[in-house]
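Single-structure report; data block below.
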Amino acid sequence: GAVVSQHPSRVICKSGTSVKIECRSLDFQATTMFWYRQFPKQSLMLMATSNEGSKATYEQGVEKDKFLINHASLTLSTLTVTSAHPEDSSFYICSAISGILGGEQYFGPGTRLTVT
Amino acid sequence: GQNIDQPTEMTATEGAIVQINCTYQTSGFNGLFWYQQHAGEAPTFLSYNVLDGLEEKGRFSSFLSRSKGYSYLLLKELQMKDSASYLCAVRERNTDKLIFGTGTRLQVFP
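Heads up: the sequence lines are chains A and B, in that order.
If you read the first sequence in the working numbering, its first letter stands for residue 13, the second for the next number, and so on.
If you read the second sequence in the working numbering, its first letter stands for residue 8, the second for the next number, and so on.
Below, the structure is given as structure tokens:
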């Protein structure tokens with residue numbers, strides 16, 4: 013099956029700094045990638061949809077200036093958490109689909125962000 | 008609007024059968040997914056229903072009724088390793104977004 017990787021798997025940063033998380037599709041071209049956030053004991057919340065070569069579409073309530081998304085190529089999307097605060101500590105998961113609409117979503121292994 | 012509901016927690020005994028229900032209301036429907044998620048890990052795909060009826064995959068089966076906005080995941084011959092969260096997710100038509108339910112934490116006891 014298709015593989016999606018995320019880097020880093022864990023990151024600890026100080027409050028006020030920025031953190032970049034990478035999401036890569038390893039063996040297919042991802043026309044669309046999604047970014048999710050998951051707080052402890054809660055379900056996945058969609059943050060934004062990332063399309064290659066265009067601006068990301070953010071869900072209601074997600075600050076686009078705080079969570080910068082760049083889908084630079086068909087195999088890479090990045091999420092940058094700017095000026096991170098402790099409340100941004102969460103599990104961030106990306107997923108990718110290939111080709112036409114209706115394709116299966118493949119999930120990355122997730123990135124655990126801790127802001128101290 | 009979108010609303011997907013699941014029970015928050017369930018418990019069951021090893022070897023038993025458990026049914027996890029999911030009800031949904033979405034503006035556009037293009038399939039329903041079930042995922043399993045162990046703590047600290049990403050979700051793993053279990054099943055997909057787009058037409059009404061039952062899909063069986065080994066110990067796991069999933070049912071869908073589009074007219075009722077209802078699905079269930081049936082787990083048979085429960086094993087301890089089945090202790091996990093089970094997420095119901097509806098795919099939106101035209102966007103491919105997956106909207107996740109609240110998730111059900113299942114604990115299997117010996």
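Using N, Cα and C, we set each Cβ at its ideal position, and we do this for glycine too.
Test item: CB-CB of residue i and residue j under 7 Å
| i | j | result |
| --- | --- | --- |
| M110(A) | Q117(A) | Sequence inspection shows Ser at residue 110(A); the Met mentioned does not correspond to that position. No. |
| E99(B) | G35(B) | yes |
| T92(A) | K32(A) | yes |
| Q13(B) | T111(B) | yes |
| P121(A) | A49(B) | yes |
| R49(A) | Y104(A) | yes |
| G38(B) | V57(B) | yes |
| S30(A) | T126(A) | no |
| S23(A) | L38(A) | Reading off the sequence shown, one finds Val at residue 23(A), where the question assumed Ser. No, Cβ-Cβ distance for V23(A) and L38(A) is not below 7 Å. |
| E75(A) | T43(A) | no |
| S69(B) | W41(B) | yes |
| S17(A) | F51(A) | no |
Among the options, nearest to residue i - alpha-carbon criterion
| i | options | result |
| --- | --- | --- |
| A19(B) | L71(B), E84(B) and D59(B) | E84(B) |
| A46(B) | S90(B), F52(B) and Q32(B) | S90(B) |
| Q2(A) | T51(B), Q44(B) and L53(B) | Limits of chain A in this structure are 13 at one end and 128 at the other, which puts residue 2(A) out of reach. |
| G60(B) | D103(B), Y79(B) and I11(B) | Y79(B) |
| G129(A) | I105(A), S37(A) and L58(A) | The structure shown does not extend to residue 129(A), since chain A is modelled only from 13 through 128, so no value can be given for it. |
| G65(B) | S74(B), G76(B) and L53(B) | L53(B) |
| Q41(A) | E75(A), T87(A) and A60(A) | T87(A) |
| T15(B) | P117(B), S92(B), S68(B) and K104(B) | S92(B) |
| T109(B) | S102(A), L56(A) and E75(A) | L56(A) |
| N28(B) | L94(B), T102(B) and K104(B) | L94(B) |
| Y31(B) | S74(B), S68(B), S69(B) and T51(B) | S74(B) |
| S85(A) | A60(A), S21(A), E34(A) and R124(A) | E34(A) |
Assigned secondary structure, residue i (DSSP; H/G/I helix, E/B strand, else coil)
| i | result |
| --- | --- |
| K88(B) | helix |
| S95(A) | coil |
| A14(A) | coil |
| E21(B) | coil |
| V57(B) | coil |
| Q43(B) | strand |
| L81(B) | strand |
| L80(A) | strand |
| S74(B) | coil |
Residue(s) in a DSSP beta bridge with residue i
| i | result |
| --- | --- |
| V125(A) | Note that residue 125(A) is Leu in the sequence shown here, rather than Val. Paired residue(s): V23(A) and S102(A). |
| D12(B) | T30(B) |
| N64(B) | It is worth fixing the name first, because residue 64(B) is Lys in this sequence and not Asn. Answer is F67(B), bridged to K64(B). |
| F36(B) | BP columns for F36(B) are empty, so no partner. |
| S107(A) | F46(A) and F119(A) |
| S129(A) | Since the first residue shown for chain A is 13 and the last is 128, residue 129(A) is missing from the structure and cannot be characterised. |
| M57(A) | R49(A) |
| N63(A) | T44(A) |
| Q72(A) | Looking at the DSSP assignment, Q72(A) forms no beta bridge with any residue, so it has no partner. |
| K32(A) | T92(A) |
| T109(B) | DSSP lists no partner for T109(B). |
| R98(B) | L105(B) |
| S37(A) | V16(A) |
Same chain, Cβ closer than 7 Å to residue i, neighbours up to 5 away in sequence not counted
| i | result |
| --- | --- |
| V25(B) | M17, A19, L82, L85 and L113 |
| L113(A) | Residue confidence is low: L113(A) scores 48 on pLDDT, short of 50, so the model does not pin down where it sits. Its coordinate-derived value is still stated next. Correct list: empty, nothing qualifies. |
| I106(B) | Q9, I11, T33, A96, V97 and E99 |
| H97(A) | S27 and V127 |
| E62(B) | S54, N56, S68 and S69 |
Spatial neighbours of residue i in its chain, beta-carbon cut-off 6 Å, leaving aside the 5 residues before and after
| i | result |
| --- | --- |
| S62(A) | M45, A68, I81, H83 and S89 |
| S72(B) | D59 |
| P117(B) | E21 |
Other residues of its chain near residue i: CB distance less than 8 Å, five sequence neighbours each side excluded
| i | result |
| --- | --- |
| D103(B) | N37 |
| D77(A) | T94 |
| T51(B) | Y42, Q43 and Q44 |
| H19(A) | I33, E34, R36 and T123 |
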